[in-house]
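Report on the structure given below.
Numbering (this note's numbering), first residue to last: 0 to 232.
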């Protein structure tokens, strides 16, 4: 859900004196570029005085303008919907402050804290505890039939010890065991490719996932099947 006074269609809505003033960007502060990727630009900013991140879908010059705008708008809508549904399922995600379907932007809560990658790099009990939390969180996500699409340890941030999932730009709503298996396969690749204890970490994630998700056996079997496919193609 959007905060009171917010319009998903017209942009930012500031509540002042009991009235909603739907102005394009009066609530958003000065933005500083954090990251420029192939699909989106991230800027750190403020929203009504709160620390925030603005995510803008990048225009693709090789596409027809009308088609490009339609695709970017659809992806913004999908990402916003997935964030909302993940939150409703009990998955910690950033609070969504604004959806701008004219400029194809999202403004959401800025999450301060180390990435899961940094915590796993450090090792120790904190890393072991985190693996369990990751497995439980993915189980909750998949239980709501949400696939993240980019489950790397850089898209997980610990705020005050609590894991928060970010960046649902490649996500989808689906009950597909194949898609959920791809999610876990991507996570396994991220863990084994970046951490010396990667295989051990993934097993800890998988154990927690099995305990929390009734269909875990099928998804893990599919993830293994996908891995085997990759070896022979």
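We treat Cβ as the ideally placed atom computed from N, Cα and C, and that holds for glycine. What you are looking at is a predicted structure, and each value in this text was computed from that prediction instead of being measured.
Output yes or no for whether 8 Å exceeds the beta carbon distance between residue i and residue j.
i, j, result
"residue 168", "residue 78", "yes"
"residue 158", "residue 112", "yes"
"residue 129", "residue 189", "no"
"residue 102", "residue 55", "yes"
"residue 114", "residue 162", "no"
"residue 180", "residue 216", "no"
"residue 74", "residue 100", "no"
"residue 204", "residue 176", "no"
"residue 147", "residue 97", "no"
"residue 184", "residue 226", "yes"
Suppose the cutoff is 8 Å on Cβ atoms and the five residues either side in sequence are ignored; what does the same chain contact list for residue i look like?
i, result
"residue 44", "27, 28, 29, 30, 31, 51, 52, 53 and 106"
"residue 88", "139, 140, 142, 143 and 145"
"residue 178", "146 and 171"
Between which residues of its own chain and residue i is the CB-CB distance below 6 Å, once the five residues before and five after are set aside?
i, result
"residue 108", "93 and 94"
"residue 213", "none"
"residue 47", "26"
"residue 121", "none"
"residue 264", "Residue 264 is absent from the structure shown; the chain starts at 0 and stops at 232."
"residue 36", "none"
Give the secondary structure of residue i by DSSP, where H, G and I count as helix, E and B as strand, and everything else as coil.
i, result
"residue 226", "helix"
"residue 96", "strand"
"residue 187", "helix"
"residue 150", "coil"
"residue 27", "strand"
"residue 61", "coil"
"residue 209", "helix"
"residue 75", "helix"
"residue 52", "strand"
"residue 169", "coil"
"residue 47", "coil"
"residue 39", "strand"
"residue 145", "strand"
"residue 196", "coil"
"residue 108", "strand"
"residue 163", "strand"
Which term fits residue i, buried or exposed, when burial requires 16 or more other beta carbons within 10 angstroms of its beta carbon?
i, result
"residue 58", "exposed"
"residue 220", "exposed"
"residue 206", "exposed"
"residue 34", "exposed"
"residue 124", "exposed"
"residue 63", "exposed"
"residue 134", "buried"
"residue 39", "buried"
"residue 61", "exposed"
"residue 66", "exposed"
"residue 42", "buried"
"residue 104", "buried"
Looking only at its chain, what residues have a beta carbon closer than 7 Å to the beta carbon of residue i, apart from the 5 residues adjacent to it on each side?
i, result
"residue 90", "136, 139, 140 and 164"
"residue 81", "145, 167, 170 and 172"
"residue 118", "125, 126, 129 and 157"
"residue 174", "144"
"residue 194", "119, 120 and 200"
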